[in-house]
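*Asks:* Numbering (the UniProt record's numbering), first residue to last: 1 to 106.
Here it is: the structure, laid out below.
Here it is, written out as structure tokens:
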């Protein structure tokens, strides 16, 4: 079900409709507002320029976070592969130990 939320971003009212919860959409709006205000305070540019620069900053953060997430996925996969290999080696060593113990018992 779509949620409709009206929010204020840098003094402008925007009504957004999305499947996400109203609380989530408000967090998104608050983040955009915060990023735009940071740009406006630092650079004293127009709201349009602030919106573009805020979008560029958010896109930069997104891409860096995606790269970090992919790196973590690769690390987890490597750890899982190593754990599987260790488990297989342990199973093989148990099999060899059992075989050796059987050979001594004869």
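From the three backbone atoms N, C-alpha and C, an ideal C-beta is built for every residue, glycine too.
Every value quoted in this text rests on a predicted model; they were computed, and no experiment measured them.
Express the C-alpha separation of residue 14 and residue 43 in angstroms, rounding to a whole number.
*Replies:* Cα to Cα, residue 43 sits roughly 24 angstroms from residue 14.
*Asks:* Whose C-beta lies closer than 7 angstroms to the C-beta of residue 58 among residues of the same chain, with five residues either side of it excluded?
*Replies:* Only 35 meet the Cβ criterion.
*Asks:* Have a look at residue 31 and residue 69 and give me their C-alpha separation to the nearest angstrom.
*Replies:* Going by the C-alpha atoms only, they are around 21 angstroms apart.
*Asks:* Taking C-alpha atoms, which residue in 12, 102, 93 and 22 lies nearest to residue 2?
*Replies:* For the residues 12, 102, 93 and 22, the minimum Cα distance to residue 2 belongs to 22.
*Asks:* For residue 39, is the classification buried or exposed, using 16 other Cβ atoms within 10 angstroms of its Cβ as the cut-off for buried?
*Replies:* With 16 or more other Cβ atoms within 10 Å, it is buried.
*Asks:* In whole angstroms, what separates the C-alpha of residue 71 from that of residue 52?
*Replies:* Distance between the alpha carbons of residue 71 and residue 52 is about 28 angstroms.
*Asks:* Where does residue 18 land, buried or exposed, given buried means 16+ other C-beta within 10 angstroms?
*Replies:* Classification for residue 18: exposed.
*Asks:* Taking all protein chains shown into account, decide if residue 86 is buried (16 or more other Cβ within 10 angstroms of its Cβ) or exposed.
*Replies:* Its Cβ having fewer than 16 others within 10 Å, residue 86 is exposed.
*Asks:* From which residue to which residue does the alpha helix (DSSP H) around residue 36 run?
*Replies:* Looking at the DSSP string, the run of the alpha helix (DSSP H) that includes residue 36 is 22-43.
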